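**Student:** Here it is, the structure in full.
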Ligand SMILES: Cc1cc2nc3c(=O)[nH]c(=O)nc-3n(C[C@H](O)[C@H](O)[C@H](O)COP(=O)(O)OP(=O)(O)OC[C@H]3O[C@@H](n4cnc5c(N)ncnc54)[C@H](O)[C@@H]3O)c2cc1C
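In the working numbering, the protein residues as written are 7 to 339.
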């Protein structure tokens, strides 16, 4: 329901957005593929079943159908699942569009304003301390992604959110290589069976940076460029700890679609996903005057506007738009 509420809100925003944010009107399709490998095949099946249970129409496809749909995919694939799903948007443009909309509606949007701590009066949170001074309010909504735990610690609240770094490599192929989003199965599993990103212990760190788990995800963009992703690494520092990830992603992409080798490299960047132990975000009041909305993992865009609706109802004391229990902060004690 949170994802559905988000999709509806993005559709409404696209009708009248202050700047375009590239939302696909129609689903472009998502093809999950597996090679002759038990892990790939079983986790592909599991992911397809989990999506079907959420109402996504899925079609199992054999190798001939995979190559009919996507002639440039490698010949060593053995099965696949076609999801009638996947709409793309430009997340940076969406963020700006939402901020402009909030400003138009009377919101005071401040950029480059770092929050150093929360202001608490006993148990009650009354505001935040920023580099530009204190800001007080009736309710603080803390939505600082993977940085949420450090701000919560300033009011002595422990949260189980950890960071998982993911990279994207941006390529310009000389011609279209794939026509829908393609993922090789097996590099991550469906929450809650997915391996959580555990807190790093000092003993782990002694042996070097945390290992990066890499897979392959190809997203063709409307402008003809291609995004290559599919990596996870538990985060210790804000700076990247494994600069070999883009190289490994590109290697996986060429293995999955050999024509990718001819693409020009436009750049690469990374972000940090805020992870929770059960793969669901934490949305709710944790103290009087303090609402947390964080821990959206790999789905923060998919779930963003639905989260905002839920937060709005909590702050205004209205009936929630959907069942709040799956997102309750209380589930972690
Ligand atoms: C490679 C990659 C690919 C992804 N692909 C997808 C996808 O296809 N679909 C999808 O739905 N999701 C995707 N995600 C996940 C998505 O990006 C996250 O779930 C989402 O960004 C989380 O949103 P958030 O607002 O909670 O946190 P963030 O986006 O991290 O935003 C938190 C904000 O808080 C600010 N902040 C932090 N601390 C402070 C402070 N002290 N003072 C002031 N500001 C502060 C930060 O600067 C930041 O702007 C992807 C992530 C990665 C890394």
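Ideal Cβ placement from N, Cα and C applies to all residues, glycine included. On a predicted model such as this, the values are computed, not experimentally measured, just so you know.
1) Taking the alpha-carbon of residue 41 as reference, which of 207, 146, 50 has the nearest alpha-carbon?
2) Of the choices 114, 46, 237, 285, whose alpha-carbon is the least far from that of residue 305?
3) Is any heavy atom of ligand 1 found at a distance shorter than 8 Å from the C-beta of residue 292?
4) Which residue marks the beginning of the beta strand (DSSP E) containing residue 84, and which one marks its end?
5) Measuring only from the beta carbon, is residue 306 closer than 8 Å to any heavy atom that is part of ligand 1?
6) If you pair each beta-carbon of the region 163-176 with each one of the region 226-236, do three or more pairs fall below 8 Å?
7) Just checking my contact of residue 122 with residue 137 at CB under 8 Å: how many whole Å lie between their CB atoms?
8) Going by beta-carbon coordinates alone, are residue 247 and residue 241 separated by less than 9 Å?
9) Taking only runs that begin and end inside the region 137-209, name each unbroken alpha helix (DSSP H) of 4 or more residues, in chain order.
10) Does DSSP classify residue 109 as helix, strand or coil?
11) With C-beta atoms as the reference, is residue 292 less than 9 Å away from residue 226?
12) Tell whether a beta-carbon distance below 9 Å holds between residue 37 and residue 188.
13) Where does the unbroken beta strand (DSSP E) through residue 279 begin, and where does it stop?
14) Among residues of its own chain, excluding the 5 on either side of residue 296, which ones have a beta-carbon nearer than 6 Å to its beta-carbon?
15) Look up residue 320 in the DSSP assignment and say whether it is helix, strand or coil.
16) Please tell me whether residue 45 has its Cβ less than 9 Å away from any Cβ of chain D.
17) Let me know the secondary structure DSSP gives residue 61 once reduced to three states.
18) Please state if the CB of residue 152 and the CB of residue 279 are separated by a distance shorter than 9 Å.
19) Residue 72 lies in the alpha helix (DSSP H); which residues open and close that run?
20) Can you tell me which of 133, 15, 58 puts its alpha carbon nearest to the alpha carbon of residue 143?
21) Of the residues 310, 250, 251, which one's Cα is nearest the Cα of residue 104?
22) If you measure from the CB of residue 157, is any heavy atom of ligand 1 nearer than 8 Å?
23) Using CA atoms only, rank isn't needed, just tell me which of 46, 80, 26 is closest to residue 98.
24) Using 8 Å as the cut-off, classify the Cβ of residue 150 as near or not near the heavy atoms of ligand 1, replying yes or no.
25) Thinking residue 262 and residue 164 are a contact (beta carbons under 8 Å), I'd like their distance in whole angstroms, please.
26) Please classify residue 272: is it buried, with 16 or more other beta-carbons within 10 angstroms of its beta-carbon, or exposed?
27) Compute every distance between the C-beta of residue 220 and the non-hydrogen atoms of ligand 1, then say whether any falls below 8 Å.
28) If you draw a straight line from the C-alpha of residue 7 to the C-alpha of residue 259, how long is it?
29) Using a threshold of 8 Å, is the CB atom of residue 299 nearer than that to any non-hydrogen atom of ligand 1?
30) Quick check: what's the CA-CA separation for residue 294 versus residue 320?
31) Given residue 281, which residues of its chain have a CB within under 6 Å of its CB, disregarding the five upstream and five downstream residues?
**Tutor:** The relevant details are as follows:
1) Indexing the chain shown from 1 puts residue 41 at position 35. With distances taken between Cα atoms, residue 41 lies closest to 50.
2) Sequence index remark: in the chain shown, residue 305 carries index 299 (1-based). Of the listed residues, the one whose Cα sits closest to residue 305 is 285.
3) Here residue 292 refers to the residue found at position 286 of the chain shown. No, the Cβ of residue 292 stays beyond 8 Å of every heavy atom of ligand 1.
4) Counting from one through the chain shown, the residue named residue 84 turns up at place 78. Where residue 84 is concerned, the enclosing beta strand (DSSP E) stretches over 83-89.
5) Mapped onto the chain shown, residue 306 falls at position 300. Because some heavy atom of ligand 1 lies under 8 Å away, the Cβ of residue 306 counts as near it: yes.
6) yes
7) Position 116 of the chain shown, counted from the start, is the residue given in the question as residue 122. Position 131 of the chain shown, counted from the start, is the residue given in the question as residue 137. Indeed they touch by this definition, with Cβ atoms about 7 Å apart.
8) Taking the chain shown and counting its residues from 1, one reaches residue 247 at position 241. Taking the chain shown and counting its residues from 1, one reaches residue 241 at position 235. Against a cut-off of 9 Å, the Cβ pair of residue 241 and residue 247 comes out as a contact.
9) 154-158
10) Stepping through the chain shown from its first residue, residue 109 is reached at position 103. Residue state, collapsed to three classes: helix.
11) Within the chain shown, numbered from 1, the residue matching residue 292 stands at position 286. Within the chain shown, numbered from 1, the residue matching residue 226 stands at position 220. No, Cβ-Cβ distance for residue 292 and residue 226 is not below 9 Å.
12) Numbered from 1 along the chain shown, position 31 holds the residue referred to as residue 37. Numbered from 1 along the chain shown, position 182 holds the residue referred to as residue 188. Yes. Within cutoff.
13) One-based indexing of the chain shown puts residue 279 at position 273. Looking at the DSSP string, the run of the beta strand (DSSP E) that includes residue 279 is 270-281.
14) As a position in the chain shown, residue 296 is number 290, starting the count at 1. Counting only Cβ-Cβ distances below 6 Å, and skipping sequence neighbours, we find 131, 146.
15) In the chain shown, counting from the first residue as 1, residue 320 sits at position 314. Residue state, collapsed to three classes: helix.
16) Note that chain D does not occur in the displayed structure, where there is just one protein chain.
17) Stepping through the chain shown from its first residue, residue 61 is reached at position 55. Note: residue 61 maps to coil in three-state DSSP.
18) The residue labelled residue 279 in the question sits at position 273 within the chain shown. The residue labelled residue 152 in the question sits at position 146 within the chain shown. Closer than 9 Å, so yes.
19) As a working mapping, residue 72 is identified with position 66 in the chain shown. Element bounds for residue 72: 69-75.
20) Numbered from 1 along the chain shown, position 137 holds the residue referred to as residue 143. It is 133 whose Cα lies nearest to the Cα of residue 143.
21) The residue given as residue 104 occupies position 98 in the chain shown. Ranking 310, 250, 251 by Cα distance to residue 104 puts 310 first.
22) What you label residue 157 is simply residue 151 of the chain shown in a count that begins at 1. Within the cutoff, so yes.
23) Numbered from 1 along the chain shown, position 92 holds the residue referred to as residue 98. Per the Cα distances, 26.
24) Your numbering for residue 150 matches position 144 in the chain shown. Yes - ligand 1 has a heavy atom lying nearer than 8 Å to the Cβ of residue 150.
25) Mapped onto the chain shown, residue 262 falls at position 256. Mapped onto the chain shown, residue 164 falls at position 158. Not confirmed; about 41 Å, so no contact.
26) Residue numbering aside, residue 272 sits at position 266 when the chain shown is read from its first letter. By the neighbour-count rule (16 or more Cβ atoms within 10 Å), residue 272 is not buried but exposed.
27) Along the chain shown, read from residue 1 onward, the residue named residue 220 stands at position 214. Not so, every heavy atom of ligand 1 lies at least 8 Å from the Cβ.
28) Taking the first residue of the chain shown as position 1, residue 7 is located at position 1. Taking the first residue of the chain shown as position 1, residue 259 is located at position 253. In a straight line, the C-alpha of residue 7 is about 33 Å away from that of residue 259.
29) To locate residue 299, count along the chain shown from 1; it is residue 293. Indeed, a heavy atom of ligand 1 lies less than 8 Å from the Cβ.
30) Sequence index remark: in the chain shown, residue 294 carries index 288 (1-based). Sequence index remark: in the chain shown, residue 320 carries index 314 (1-based). If I take the Cα positions, the gap works out to 12 Å.
31) Mapped onto the chain shown, residue 281 falls at position 275. Excluding residues within five positions, the ones whose Cβ falls inside 6 Å are 168, 170, 203, 303.
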